[in-house]
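Numbering (my numbering), first residue to last: 12 to 231.
No residue lacks a Cβ here, since even glycine has one placed at the ideal position from N, Cα and C.
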Amino acid sequence: MLIVDDEVQILRALQINLNARGYSTVTAFTGQGALEQAARHPVDVVVLDLGLPDLDGVEVIRRLRRWSDVPVVVLSARHGSDDKIQALDAGADDYVTKPFGMDELLARLRAALRRGTSGDAPVVKTEDFVVDLAARRVTQRGVAVRLTPTEWNILELLARNSGALVTHEELLTHVWGPAYSGETGYLRVYLAQLRRKLEADPANPRHLLTETGLGYRFQE
C-alpha cells in the first residue's frame, strides 16, 4: 500500500495503524514522489491526499491512470462536492474526508482492494502467440516463450490496452519510472527484442506496431 500525504504526523499515524493491521506500506510526501513510488513498487492500493506541495492530488491521479489501474482512495480535507467530483472523474475509486475514523478508512480500503482483485486477467490471443496476463506467460503454438522481466512488463501494458495507443511516456513510466520518461531509445531496443521473439516477420510486425513519434500499439 502506498500512503501519500505531506503532513508528517498524519502519514506516520496512518503507516503505524496500517502496519499494525498487517498491511505492508510505502510512503511519499509529494506528488512526484508518489508517482515514482507507484512505479517502483507494485502496490495494491494508494491512499492519496489532494493538497500536495508540488502536484495537486487530482493531477497525480490523472498521471497514474495513464499506466496503472491500482485502486486509489483519496483522503483529503477538501469537503466540497466539486473537489470530490474532480477526483472521482480523474480516476479515484473512493473519497474520504478529514477528519476521519480509522475504522471507516479501513472499511473503504478493504472495499477498494476487493474491487481491485475482483476481475480475472484476460488472455489475449493473436495468430502468432498468446499472452496469458493472469499466468504472466506467453506461448507460441503451446510452447512457452521466455521473456525478460522488462520485456514482459512492456508487453503486458501493451496487451492490457490492446488496440489503443500507449505513449512512450506511459511505457517508460510504467517500466522504468517517471525519471526515464524521455528515454525512448530504451523502447526501441526492447520492442525489437520482443518482435524477434514473437512476430512471424519481425521486420514487418503485425501485432507490436510503432506509432511514429507517439508510442506503440498492440494489435490482435
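Per DSSP, which residues does residue i bridge with? Please list them.
| i | result |
| --- | --- |
| F229 | L219 |
| N176 | In the sequence as displayed, the identity of residue 176 is Leu instead of Asn. For L176, which the question treats as bridged, DSSP gives the partners R228. |
| S87 | T108 |
| I14 | T38, V58 |
How big is the Cα-Cα spacing for residue i and residue j?
| i | j | result |
| --- | --- | --- |
| A49 | V69 | 15 Å |
| R157 | L13 | 31 Å |
| T150 | Y227 | 21 Å |
| A103 | V83 | 5 Å |
| E18 | I96 | 23 Å |
| D114 | N28 | 11 Å |
| L202 | T195 | 11 Å |
| S129 | A146 | In this prediction, S129 scores a pLDDT of 48, lower than 50, which makes its location untrustworthy; the coordinate-derived value is nonetheless stated afterwards. Between S129 and A146, the C-alpha separation is close to 16 Å. |
| P213 | L198 | 15 Å |
| R125 | T221 | 36 Å |
| G224 | G174 | 17 Å |
| R152 | F140 | 7 Å |
| D60 | L168 | 27 Å |
| G188 | V177 | 15 Å |
| L25 | A122 | 18 Å |
By the 10 Å Cβ neighbour count, where 16 or more other Cβ atoms means buried, how is residue i classified, buried or exposed?
| i | result |
| --- | --- |
| T159 | exposed |
| V71 | buried |
| D16 | buried |
| G42 | buried |
| Q230 | exposed |
| H52 | exposed |
How far does the alpha helix (DSSP H) with residue i in it extend, from its first residue to its last?
| i | result |
| --- | --- |
| L29 | 19-31 |
| L46 | 42-51 |
| R73 | 68-75 |
| T317 | Look at the range of the chain in this structure, 12 to 231, and you will see that residue 317 is not part of it. |
Need the endpoints of the beta strand (DSSP E) that residue i sits in, please.
| i | result |
| --- | --- |
| A39 | 37-39 |
- Item | Ranges of the alpha helix (DSSP H) found wholly within the segment 103-155, counting only runs of at least 4 | The segment 103-155 is shown to contain whole alpha helix (DSSP H) runs of 4 or more residues at 113-128, in chain order.
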